[in-house]
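Below is one structure, written out as structure tokens, with a few remarks after it.
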Amino acid sequence: MPLPIRSLPVLQNWDCHGCSDCCRTYAVPLSDEERQRIDGQGWANEPGFSGVELFTTVKGNTSLAHRPGGGCVFLNEDGRCRIHAKFGSAAKPLACRAYPFVLVPGGDHWRVGLRFTCPSVAENKGRPMGVHAADAAAYGAELEPRGRPAELPPPPLQPGQSVSWADLHRFTKAIGEIVSTPDVPMEHKLRHVLKLSRTLRKLHFDKVTGQRLSELLEVLTEATAEEVETNANIPPPGWVGRTVFRQLAAIHTRVDLGPNRGTMTESGWFGRMFAGYRFAWGGGAMPRVNGVLPPGVRFEDAERPTGPLPAESEELFARYFRVKLDSLQFAGAINFHLPYWPGLDSLVLIFPMALWLGRLLTTPERSRPIAIREALRIVDDSYGFNALLKGKLSGGLRSLDIKDELPRLVAHYAR
Ligand code: SF4
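Just so you know, we're using our numbering here: the sequence shown kicks off at 348 and counts up by one.
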């Protein structure tokens, strides 16, 4: 029997509004069965498909092809899917139907995360997520035979240290409660999360489980709350923090496919190497790694304080972190197999990254709250999905942890 769905985000609304952003941006992965099904749909005889390749295969992985500059090969002039129009939704690949849902194994059930790259998710547009429970359950049932069973061991807390699923959910509940505290700025709450996680990393939980663990978490949450300093007392990030941060931010910002692809894709290997050097150096004109970046933008533009976050941005981040935490969309296979604590660090890092990029995207035409929302959409697109992060994320997080740079980055870019 398929495993049930739990933890549908309660704060979050969503419905597909047919903007076709996902169809223009992603190379949709296909299973062998999906490829055969689409092959059998007779597209070669349809107008506009003569001689057109339907599939692209890179390193043995097949995806739907894109037309030059025009998004998915099946996207029509009205921004609609031709497979959907001709054969109905069920004929589309699972990745198209399930987007922007992310199903994460949670023990004896699936948890449901979301990709904030979808504008309707970021803007909280549509009906409450509970309405989509049956669809999410159907996607879970389809994933299980494809080797994505929900019944997996929980991700370790850190290498060599694991707890049961039930206890892992206790940690997540405690962290989620910090993030949900009303009337406290998100930057303060995230620095509290970091304080608590640093304390918990030093402890062993062999004998502290179940209710005793919940009580310990309650006590430590209160104790660490008193240790969180006010923003003004936090020094700016150091050289290591800034350098590692910029390099990870470059990967999270870079886009190589779709209408927002950066100009780096046209400048070849040397251009990409030079851009990497510029991000390490961090001065002067910023390479245009994403077409949304205003022309002529400079690294210094991201270092000018912009004041406390607007209320809309606080609300956006409150939803973002609750969805990602409740769904466990930060640890284990869903995030490059990062253990729980480094995975949590990678999630916290999204906050300064979105604010860093939001400063660059703010223009007279694009207000700060909208720029921050667009920035969050961009960096979340890479989160857990950009293969370039595979080799770099865990090393970068380790460097930030050793120098205790993460709280400084959170405080610095929230000013
Ligand atoms: S990006 Fe979101 S709203 Fe737009 S077509 Fe895709 S799922 Fe629908």
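All C-beta atoms in this analysis are idealised placements derived from N, C-alpha and C, irrespective of residue type, glycine included.
What three-state label does DSSP hand residue 465 in the structure shown? As a working note, residue 465 is residue 118 in the sequence shown. Residue state, collapsed to three classes: coil.
For the 8 Å Cβ check, are there 3 or more pairs between the segment 648-666 and the segment 527-537? By the Cβ test, the segment 648-666 is in contact with the segment 527-537, since at least three Cβ pairs between them sit closer than 8 Å.
Simplified DSSP assignment, three categories, for residue 508: As a working mapping, residue 508 is identified with position 161 in the sequence shown. Residue 508: strand per DSSP, three-state reduction.
What does residue 352 pair with, by DSSP beta-bridge criteria? Sequence index remark: in the sequence shown, residue 352 carries index 5 (1-based). Note: residue 352 sits in a beta bridge opposite 457.
Considering only the beta carbon of each residue, do residue 688 and residue 760 sit closer than 8 Å? Within the sequence shown, the letter at position 341 stands for residue 688. Within the sequence shown, the letter at position 413 stands for residue 760. Not closer than 8 Å, so no.
Is residue 446 near the ligand SF4, judged by its Cβ being under 7 Å from some heavy atom? Position 99 of the sequence shown, counted from the start, is the residue given in the question as residue 446. Checking the Cβ of residue 446 against the ligand SF4 gives yes.
Given the structure, does residue 599 come close to the ligand SF4, in the sense that its CB is under 7 Å from one of the ligand's heavy atoms? Within the sequence shown, residue 599 is the residue found at index 252, counting from 1. For the ligand SF4, no non-hydrogen atom lies closer than 7 Å to the CB of residue 599.
The segment 561-570 in contact with the segment 691-706 per 3-pair CB rule at 8 Å: Judged by Cβ distances under 8 Å, the segment 561-570 makes no contact with the segment 691-706, as fewer than three pairs qualify.
Cβ of residue 418 versus every heavy atom of the ligand SF4: is any distance shorter than 7 Å? As a working mapping, residue 418 is identified with position 71 in the sequence shown. No.
With residue 636 and residue 622 assumed to form a contact (beta carbons below 8 Å), what rounded beta-carbon distance in angstroms separates them? Here residue 636 corresponds to residue number 289 of the sequence shown, with the count starting at 1. Here residue 622 corresponds to residue number 275 of the sequence shown, with the count starting at 1. Going by Cβ atoms, the distance from residue 636 to residue 622 rounds to 6 Å, so yes, they are a contact pair.
Contact under 8 Å by Cβ, residue 376 with residue 487: As a working note, residue 376 is residue 29 in the sequence shown. As a working note, residue 487 is residue 140 in the sequence shown. With a cutoff of 8 Å on beta-carbon distance, residue 376 and residue 487 are scored as not near each other.
Can you tell me whether residue 413 is helix, strand or coil according to DSSP? For the purposes of this step, residue 413 is taken as the residue at position 66 of the sequence shown. Note: residue 413 maps to strand in three-state DSSP.
If you check the beta carbons only, do residue 382 and residue 396 fall under 8 Å apart? For the purposes of this step, residue 382 is taken as the residue at position 35 of the sequence shown. For the purposes of this step, residue 396 is taken as the residue at position 49 of the sequence shown. Their beta carbons are not under 8 Å apart, which means residue 382 does not touch residue 396 by this criterion.
In its own chain, which residues sit with a C-beta less than 6 Å from the C-beta of residue 372, not counting the 5 before and 5 after it? Here the question's residue 372 lines up with position 25 in the sequence shown. Contacts found: 605.
Residue 739 versus residue 693 - alpha carbon distance: One-based indexing of the sequence shown puts residue 739 at position 392. One-based indexing of the sequence shown puts residue 693 at position 346. Rounded to the nearest whole angstrom, the C-alpha separation of residue 739 and residue 693 is 12 Å.
Taking the alpha-carbon positions, what's the residue 455 to residue 499 distance? Taking the first residue of the sequence shown as 1, we reach residue 455 at position 108. Taking the first residue of the sequence shown as 1, we reach residue 499 at position 152. Going by the C-alpha atoms only, they are around 9 Å apart.
If you follow the beta strand (DSSP E) that residue 450 is part of, which residue opens it and which one closes it? To locate residue 450, count along the sequence shown from 1; it is residue 103. Annotation: the continuous beta strand (DSSP E) that includes residue 450 extends over 448-452.
Three or more C-beta pairs closer than 8 Å, one from the segment 663-676 and one from the segment 551-560: is that the case here? Touching, no, given that fewer than three Cβ pairs across the two stretches are closer than 8 Å.
Cβ-based burial, residue 453 [other Cβ within 10 Å; buried from 16]: Taking the first residue of the sequence shown as 1, we reach residue 453 at position 106. Under the 10 Å beta carbon count, residue 453 is surrounded by 16 or more other beta carbons and is classified as buried.
Got a sec: does the ligand SF4 put a non-hydrogen atom nearer than 7 Å to the Cβ of residue 605? As a working mapping, residue 605 is identified with position 258 in the sequence shown. Outside the cutoff, so no.
When burial is assigned at 16 or more other CB atoms within 10 Å of the CB, is residue 394 buried or exposed? Along the sequence shown, read from residue 1 onward, the residue named residue 394 stands at position 47. Counting the other CB atoms within 10 Å of its CB gives residue 394 a total below 16, which places it among the exposed residues.
Beta-carbon separation (whole angstroms), residue 360 vs residue 474, contact threshold 8 Å: For the purposes of this step, residue 360 is taken as residue 13 along the sequence shown, with counting starting at 1. For the purposes of this step, residue 474 is taken as residue 127 along the sequence shown, with counting starting at 1. That pair is a contact at about 6 Å.
My output table needs one value for residue 762: the three-state DSSP class, helix, strand or coil. As a working mapping, residue 762 is identified with position 415 in the sequence shown. It is coil, neither helix nor strand.
Roughly how many angstroms lie between the CA atoms of residue 598 and residue 744, to the nearest whole one? Looking up residue 598 in the sequence shown gives position 251. Looking up residue 744 in the sequence shown gives position 397. If you take the alpha carbons of residue 598 and residue 744, they lie about 14 Å apart.
Measuring CB to CB, does residue 721 end up less than 8 Å from residue 602? Counting from 1 along the sequence shown, the entry for residue 721 is found at position 374. Counting from 1 along the sequence shown, the entry for residue 602 is found at position 255. Against a cut-off of 8 Å, the Cβ pair of residue 602 and residue 721 comes out as no contact.
Alpha-carbon to alpha-carbon, residue 626 and residue 748: Here the question's residue 748 lines up with position 401 in the sequence shown. Here the question's residue 626 lines up with position 279 in the sequence shown. The alpha-carbon separation between residue 748 and residue 626 amounts to approximately 20 Å.
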